[in-house]
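Following: one structure in structure tokens, then a few remarks.
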Amino acid sequence: MDHSERIKVMTTGNNMKDYEETYRNFDWKDVEKVFSWYETGKVNAAYEAIDRHAESDRRDKIALYYSDANREEQYTFLEMKEKSNRFGNVLRKLGIKKGDRVFIFMPRTPELYFSFLGAIKIGAVVGPLFEAFMEAAVRDRLENSEAVALVTTPQLLERVPVKDLPALKHIILVGEIEGELGEGYYDFHKEMEAASPELEIEWVDREDPMLIHYTSGSTGKPKGVLHVHNAMIQHYQTGKWVLDLQEDDIYWCTADPGWVTGTSYGIFAPWLNGVTNVIRGGRFNPDDWYRTLEKYGVTVWYSAPTAFRMLMGAGEEIVKKYDLSRLRHILSVGEPLNPEVVRWGLKVYGRRIHDNWWMTETGGILIANYPCMEIKPGSMGRPFPGIQAAILDDQGNELPPYQMGHLAIRTPWPSMMRAIWKNKAKYDEYFRIPGWYISGDSAYMDEDGYFWFQGRLDDVINTSGERVGPFEVESKLVEHPAVAEAGVIGKPDPVRGEIIKAFISLRAGYEPSEELKKEIYEFVKKGLAAHAAPREIEFRDKLPKTRSGKIMRRVLKAWELGLPTGDLSTMED
Ligand code: WT7
1 MDHSERIKVM TTGNNMKDYE ETYRNFDWKD VEKVFSWYET GKVNAAYEAI
51 DRHAESDRRD KIALYYSDAN REEQYTFLEM KEKSNRFGNV LRKLGIKKGD
101 RVFIFMPRTP ELYFSFLGAI KIGAVVGPLF EAFMEAAVRD RLENSEAVAL
151 VTTPQLLERV PVKDLPALKH IILVGEIEGE LGEGYYDFHK EMEAASPELE
201 IEWVDREDPM LIHYTSGSTG KPKGVLHVHN AMIQHYQTGK WVLDLQEDDI
251 YWCTADPGWV TGTSYGIFAP WLNGVTNVIR GGRFNPDDWY RTLEKYGVTV
301 WYSAPTAFRM LMGAGEEIVK KYDLSRLRHI LSVGEPLNPE VVRWGLKVYG
351 RRIHDNWWMT ETGGILIANY PCMEIKPGSM GRPFPGIQAA ILDDQGNELP
401 PYQMGHLAIR TPWPSMMRAI WKNKAKYDEY FRIPGWYISG DSAYMDEDGY
451 FWFQGRLDDV INTSGERVGP FEVESKLVEH PAVAEAGVIG KPDPVRGEII
501 KAFISLRAGY EPSEELKKEI YEFVKKGLAA HAAPREIEFR DKLPKTRSGK
551 IMRRVLKAWE LGLPTGDLST MED
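Going by UniProt numbering, 530 is the number at position 530 of the sequence shown; the sequence numbering is gapless.
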């Protein structure tokens, strides 16, 4: 990496004027004064995000511009308040109360957002699930969380194994319903109509649970990362200083609420700041995205490296077809942002793309490039005020600049996860070095305090910014009748960051073939999720294993990259 390249200030706005000074003087306590609970002592993050504005001069301001191929709608803060209130009442009528898990398995539509906010308003714990999940992925998450209610569509319901989920009592269907509804099934629109737009908010403690996001580790089933209402402090302030949100901004975060970026920065940060939020349904498509930027006059745009790389692939000419002149601030998260992409963005959009770093577990942005700061392309930036980041060795000693080690954060911070659902051992692993959160990423710091990402220290795969646990894919693979054993790794890919590659040994009686590869790919795609299916499959007679029988993914990775395999003392013959 070139540490000397710098891109100077080009962004207008700048809520934060001077990074060093802000970092020195910042205190999280000062942020609390923004919220109404500073005076009342009563907390609810959905109230602060929506109702607080609906009860102010912003009541008729557009909170949400929604569109997809078939719909085009807009909602003011007051309308958002009433819609989410209605949904809160729908849940209350079903007997759902504080602490109950309410899951939402839906495409990005206004109903998803009403449900999300309404559930939080009554103190329920929300679990948003990405619409691309197939049955096995849905089952794992609903089973582990013991969700009592699910909001979904009649189409997606086909992937919900209702009979295997004894805790699941209520299913609320959004969309055209054919025939009679059985017991425990409800029509979203009918219930909403019948419900009152007035709601008594459930006031909770700052530390009360609010949200579960499932994410992957290198072993075991997906982990339910639990966040609390207190996270709003971080969502608000990072929205101010990293997203640089201002009163007249039109903000678009392209992430789905099934992933943490789509909640922390697709819901909370913009609305806690009272800013107009754009949601575009449907899939990625360069023309569609540029049209969305133009149509709404988006000023602040938060997306991901894979998307920027695909836009780069779509070329410069197409950009010229659209008027993107209102765009003032662009951000990226989820995977390494190549310096080349930053340079391209500067040339084609006339703006810098601001990389920032965080994780599902951290709940909010921890390291970032701020508008008021020089950018070094390839660096994730510098710690957010109030956040102390460091590079540690295995024993927890802080390492000097340019030495690679564990990227670690001093505990606690407002949006830090508070638990892994029903798995204390997993939670404790992150905090094994006293006083620190260990991210699982390796990085180094330069002499100016900028952090540079190096890679994951575990086997977790990052494909198009989506985190995939190899174990989950391997488990699905071995369910296929032809597969004896499977080992899954991330293989470097110029557009997606990594793709999923599976090494497979076949059962007796099966022969390697291209058709079989296709069949196995489809099997994972249909069973788990498209983004988790192996785009590349290699058949091997034998896979490298430890004496205790664990497949050695690091050996597979070394094979793939043509690198030395390292210490093989634990490998079986
Ligand atoms: C992992 C977390 C929270 C954002 C969405 C992803 C990788 C995240 C960067 C970045 C290089 C990054 C890390 C991290 N990652 N941001 N700016 N540069 N890598 O959340 O699914 O929890 O994944 O994504 O490896 O640990 P996630």
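Virtual Cβ for every residue (Gly too), placed ideally from N, Cα, C.
Would you grab the beta carbon distance between residue i and residue j for me? Rounded to a whole angstrom, and I think it's under 8 Å.
{"i": "VAL225", "j": "HIS213", "result": "5 Å"}
{"i": "TYR349", "j": "LEU331", "result": "So it is not a contact: roughly 12 Å between Cβ atoms."}
{"i": "ARG382", "j": "GLY449", "result": "5 Å"}
{"i": "PRO371", "j": "HIS406", "result": "PRO371 to HIS406, Cβ: 29 Å. No contact."}
{"i": "GLY127", "j": "ARG101", "result": "6 Å"}
{"i": "GLU474", "j": "ALA486", "result": "5 Å"}
{"i": "LYS98", "j": "TYR47", "result": "In fact, because the Cβ distance is near 14 Å, the residues do not count as touching under 8 Å."}
{"i": "MET463", "j": "ILE499", "result": "For the sequence presented, residue 463 should be read as Thr rather than Met. So it is a contact: roughly 6 Å between Cβ atoms."}
{"i": "MET31", "j": "ILE233", "result": "According to the sequence provided, residue 31 is Val. The question's Met does not apply to it. Indeed, because the Cβ distance is near 5 Å, the residues count as touching under 8 Å."}
{"i": "ILE433", "j": "LEU366", "result": "Contact flag wrong, Cβ pair sits at about 17 Å."}
From residue i to residue j, what distance separates their C-alpha atoms?
{"i": "ALA502", "j": "PRO534", "result": "6 Å"}
{"i": "ALA195", "j": "VAL90", "result": "6 Å"}
{"i": "ALA304", "j": "PHE116", "result": "23 Å"}
{"i": "ALA255", "j": "GLY266", "result": "7 Å"}
{"i": "LEU327", "j": "ASP27", "result": "31 Å"}
{"i": "HIS3", "j": "GLN454", "result": "14 Å"}
{"i": "GLU361", "j": "MET416", "result": "6 Å"}
{"i": "ALA119", "j": "ASN14", "result": "34 Å"}
{"i": "LEU199", "j": "LYS476", "result": "44 Å"}
{"i": "GLU429", "j": "TRP436", "result": "11 Å"}
{"i": "LEU516", "j": "LYS61", "result": "55 Å"}
{"i": "ALA408", "j": "ASP355", "result": "18 Å"}
{"i": "GLU176", "j": "ASP187", "result": "9 Å"}
{"i": "GLU73", "j": "LEU64", "result": "8 Å"}
{"i": "TYR19", "j": "PRO385", "result": "8 Å"}
{"i": "PHE103", "j": "PHE114", "result": "13 Å"}
{"i": "ASN44", "j": "GLU514", "result": "54 Å"}
How would you label residue i, buried or exposed, when you count the other beta carbons within 10 angstroms and need 16 or more for buried?
{"i": "ILE172", "result": "buried"}
{"i": "ASP244", "result": "buried"}
{"i": "GLY364", "result": "buried"}
{"i": "ARG280", "result": "buried"}
{"i": "MET571", "result": "exposed"}
{"i": "THR40", "result": "exposed"}
{"i": "SER84", "result": "buried"}
{"i": "VAL495", "result": "exposed"}
{"i": "ASP285", "result": "Sequence check: residue 285 is Asn here, not Asp. Burial call: exposed."}
{"i": "PRO492", "result": "exposed"}
{"i": "ILE387", "result": "buried"}
{"i": "ILE537", "result": "buried"}
{"i": "GLN403", "result": "exposed"}
{"i": "PRO209", "result": "buried"}
{"i": "TYR38", "result": "exposed"}
{"i": "GLN155", "result": "exposed"}
{"i": "ILE318", "result": "exposed"}
{"i": "SER379", "result": "buried"}
{"i": "LYS223", "result": "buried"}
{"i": "LYS347", "result": "exposed"}
{"i": "residue 577", "result": "Here the chain covers residues 1 to 573 and nothing more, so residue 577 does not appear."}
{"i": "GLU21", "result": "exposed"}
Would DSSP call residue i helix, strand or coil?
{"i": "TRP358", "result": "coil"}
{"i": "HIS189", "result": "helix"}
{"i": "SER216", "result": "coil"}
{"i": "GLN246", "result": "coil"}
{"i": "THR546", "result": "strand"}
{"i": "VAL460", "result": "coil"}
{"i": "VAL125", "result": "strand"}
{"i": "VAL225", "result": "strand"}
{"i": "MET210", "result": "strand"}
{"i": "HIS235", "result": "helix"}
{"i": "ALA136", "result": "helix"}
{"i": "TYR402", "result": "coil"}
{"i": "ARG553", "result": "helix"}
{"i": "ILE520", "result": "helix"}
{"i": "PHE26", "result": "coil"}
{"i": "ALA484", "result": "strand"}
{"i": "GLU536", "result": "strand"}
{"i": "MET445", "result": "strand"}
{"i": "ASN144", "result": "helix"}
{"i": "VAL90", "result": "helix"}
{"i": "MET571", "result": "strand"}
{"i": "residue 576", "result": "Residue 576 falls outside the range modelled here, since the chain spans only 1 to 573, and no answer is possible."}
{"i": "ILE50", "result": "helix"}
Please tell me whether, using a cut-off of 6 Å, the distance from the CB of residue i to the nearest non-hydrogen atom of the ligand SAH is below it.
{"i": "GLU474", "result": "In terms of ligand content, the structure shown lacks the ligand SAH and carries the ligand WT7 instead."}
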